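Everything below concerns the one structure shown next.
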Amino acid sequence: MARWFCRLDPAFYPAWQRGDLEAQARSFAIQGWLLSIDVDGQGTSSSFLNPPAAPDLPWAWELNCSDPLSPQAERNLLASLKEAWCSEHVLHLLGRPVIVLRGLKNLSSLKFALQRFRKLHDQLLILSSDLRPISGIEENGLDVDGWLDSSTDQMIYIRNLKLAHHRLAGSGLEVPGVWAMDQDLEKVSSDSPNELYREWLEQASAWSELANDGAIDAPVCIQDWSGHCRLMMPSSLKEKSVEPERLNVTQIPSTDERSWGESSPGHLALMIHGFYPDVLDDILLKLPSFCAGMVGTQLDLYVSTSMDQIDQVEKKLRDLDFACVRLFGVENRGRDVAPFLLHLLPAVAAAGHHFFVKLHTKKSLQFGIDGLDKWSRHLIESLLSAAGLEAIRYQFLDDEDLGCLCPSGTLLPLAIALFKNKTHLHHLLSHSEINGRWALMQTFVAGSMFAGRVEAFRSLLDQGFSLDDFELEGGQFDGTFAHALERLISLEVKRSGWQIKEMSGSPEAVPGFGYGLVD
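Per our numbering, the sequence shown starts with residue 1, numbered consecutively.
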């Protein structure tokens with residue numbers, strides 16, 4: 001779990017000094033305080049607060065330098081700060097003691113002023129709470145260690161949630177902040193402010209944890225103590241586990257493989273996971289002319305379906321006279337991702353194909369009948385039209401760095417719904433060569449339908465995944481091992497040096513993931 005520390009309004013300082021807030025803060029999972037001190041141009045601060053007699057929680061100072069400081073003023077400030085610096089009670093984040101500076105442009109010299117501050121402790125973590133970018137200052141020349149979210153200009157939760165779900169990481173340390181909105185605005189804009197606030201906090205925590213590779217003190221700043229108390233209940237703070245279910249049951253054989261015809265490496269490999277028979281019928285009826293080589297690109301067919309449907313699917317494929325087919329009967333587990341990684345991709349790679357298209361019979365029931373139809377059709381038709389298939393093949397031939405091609409609008413920030421997928425994603429990244437901050441700079445292909453260069457996906461064949469890694473099917477909308485792998489697949493392609501690009505076309509049918517439709 002991330003380390004939550006809370007900015008304390010000066011009105012609560014007397015209560016903090018008396019030690020009246022410690023027990024309540026613990027009950028709301030607060031693990032430290034941020035106390036703001038104003039600093040004038042002489043380096044004189046409003047007096048540093050006397051801490052509680054027996055402090056339970058550590059604290060960090062935020063120095064608000066509102067006037068220009070001379071080198072001597074900075075020395076004066078540091079002299080007074082040393083007296084107030086109680087190392088055993090200083091808030092530590094990522095294993096280092098913290099100080100927060102606001103007003104970097106008022107320091108005498110960024111280079112030398114920050115060197116003076118670092119004399120407080122050889123491992124000092126200096127954060128800035130200035131708005132970025134700072135006027136007149138090149139950010140890459142700053143010797144601060146990271147940035148603390150300083151404010152939000154969005155006054156309703158769903159807009160802040162959109163920003164949180166679509167947040168891409170920068171190159172340095174970033175500390176997400178979470179605000180309680182004005183109570184009057186809460187009543188107007190939402191009938192569930194508690195749930196939205198908690199989602200924001202969970203999303204910010206998941207983001208910070210991944211950005212810091214699972215550190216137990218990955219920081220998140222609660223920006224409003226009274227609002228946090230109002231909106232959070234201790235019972236809501238229990239960590240939700242989404243670990244895979246591992247049941248000791250006897251498994252039926254996982255595959256029944258059937259095949260006919262000779263594959264050709266020069267043909268495009270079409271992979272389909274056919275769970276829903278009606279959608280599979282629609283896809284198959286578009287294929288005969290392609291597979292026979294009568295129209296455009298020739299296709300070899302690789303299909304997976306549930307064990308109880310394999311006879312029915314085989315009959316359809318033979319009736320439609322497909323020339324080259326590999327058919328796998330699989331357990332209904334791991335959605336389309338498990339069949340892709342465990343059966344279809346290995347078979348395509350073994351046959352020597354260079355390029356493939358991956359489809360599945362998608363029914364995203366959470367979007368409603370109209371939504372799922374538009375979303376599914378957009379994905380399938382983008383990849384399966386005659387013009388689309390021919391364009392896919394030529395794009396891969398013309399662009400030697402292209403590893404994956406996806407329908408328009410499907411490249412989304414990795415952070416979307418991260419709070420539901422963090423546990424599995426942490427596990428996957430810990431067994432890969434990918435660090436969390438780099439991962440949060442990336443996008444992934446939502447919808448799990450795309451065209452690919454086999455070589456770009458080859459590293460996935462060496463990961464050692466098994467069917468036991470995947471949860472049993474329970475109608476889950478998110479948070480499963482398969483959903484985390486959907487993200488890892490894109491990350492592995494990029495880590496291997498390949499590019500992922502979107503196809504041309506309208507993205508209107510793509511659902512508003514991560515509050516994406518919020519203005």
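Every residue, glycine too, gets a C-beta built ideally from N, C-alpha and C. Bear in mind that the values here come from a model prediction, so they are computed numbers and not experimental data.
Bridge-paired residues (DSSP) for residue i
i: TRP207; result: According to DSSP, TRP207 bridges with nothing at all.
i: THR443; result: PRO413
i: LYS494; result: Partner(s): none; LYS494 has no beta bridge.
i: PHE5; result: CYS221
i: VAL337; result: DSSP lists no partner for VAL337.
i: MET271; result: TYR302 and LYS358
i: GLN499; result: LEU402
i: SER70; result: Paired residues: none, contrary to the question.
i: LEU125; result: VAL98
i: ILE283; result: Partner(s): none; ILE283 has no beta bridge.
i: GLU262; result: In DSSP, GLU262 forms no bridge with anything.
i: GLY329; result: ASP256 and THR305
Residue environment, residue i, which counts as buried when at least 16 other CB atoms sit within 10 Å
i: GLN251; result: With a pLDDT of 39 at GLN251, under the threshold of 50, the modelled position of this residue cannot be trusted, and the question is left open.
i: MET233; result: exposed
i: THR44; result: exposed
i: LEU93; result: buried
i: ILE392; result: buried
i: ILE99; result: buried
i: PHE5; result: buried
i: ASP278; result: exposed
i: LEU270; result: buried
i: ARG18; result: exposed
i: ALA482; result: buried
i: ASP20; result: exposed
i: SER382; result: buried
Proximity below 8 Å, CB of residue i to CB of residue j
i: GLU541; j: LEU461; result: What the structure shows of the chain is the stretch from 1 to 519, and residue 541 is not part of that stretch, so it cannot be assessed.
i: THR361; j: TYR276; result: yes
i: LEU323; j: GLY388; result: For the record, residue 323 in the displayed sequence is Ala; it is not Leu. It is not a contact, given that the beta carbons lie outside the stated cut-off.
i: VAL445; j: ARG159; result: no
i: GLN402; j: LYS501; result: What sits at residue 402 in the sequence shown is Leu, not Gln. A contact, by the Cβ cut-off of 8 Å.
i: ILE156; j: LEU185; result: yes
i: PRO522; j: ALA351; result: The chain is shown only over 1 to 519; residue 522 falls outside these bounds and no answer can be derived.
i: LEU69; j: ILE37; result: no
i: PHE28; j: HIS228; result: yes
i: SER448; j: GLU473; result: no
i: ASN421; j: ALA509; result: no
i: ILE416; j: PHE356; result: no
i: TRP85; j: LEU120; result: yes
i: LEU163; j: ARG116; result: no
i: ILE283; j: ILE380; result: yes
Local conformation of residue i per DSSP, three classes
i: VAL518; result: coil
i: PHE12; result: helix
i: ASP38; result: strand
i: CYS324; result: coil
i: SER506; result: coil
i: LEU317; result: helix
i: VAL100; result: strand
i: GLN154; result: coil
i: HIS483; result: helix
i: LEU299; result: strand
i: ASP256; result: strand
i: LEU110; result: helix
i: TRP200; result: helix
i: TRP59; result: strand
i: ARG18; result: helix
i: VAL454; result: helix
i: LEU91; result: coil
i: ASN76; result: helix
i: LEU173; result: strand
Same chain, Cβ closer than 6 Å to residue i, five either side skipped, listed in chain order
i: SER150; result: SER129 and LEU131
i: ALA349; result: VAL454
i: PHE328; result: THR255, GLU257, SER304 and HIS343
i: ILE434; result: LEU491 and ARG495
i: ASP478; result: ALA417 and LYS420
i: HIS166; result: PRO413 and GLY514
i: ARG318; result: none
i: GLN309; result: none
i: ARG3; result: GLN31, ASP217 and PRO219
Residues of its chain near residue i, where Cβ-Cβ distance is below 7 Å and the 5 sequence neighbours each way are ignored
i: ALA347; result: TYR302 and ARG326
i: ASP67; result: ASP40, GLY41 and ASN106
i: PHE450; result: LYS358, CYS404, LEU405 and CYS406
i: LEU411; result: THR443, VAL445, ILE500 and GLU502
i: GLN223; result: ARG7, GLY177, VAL178 and TRP179
i: LYS111; result: ASP143
i: ALA439; result: LEU210, LEU414, LEU429 and LEU491
8 Å CB neighbourhood of residue i in its chain, flanking five on each side removed
i: HIS89; result: PRO51, PRO55, PRO58 and TRP59
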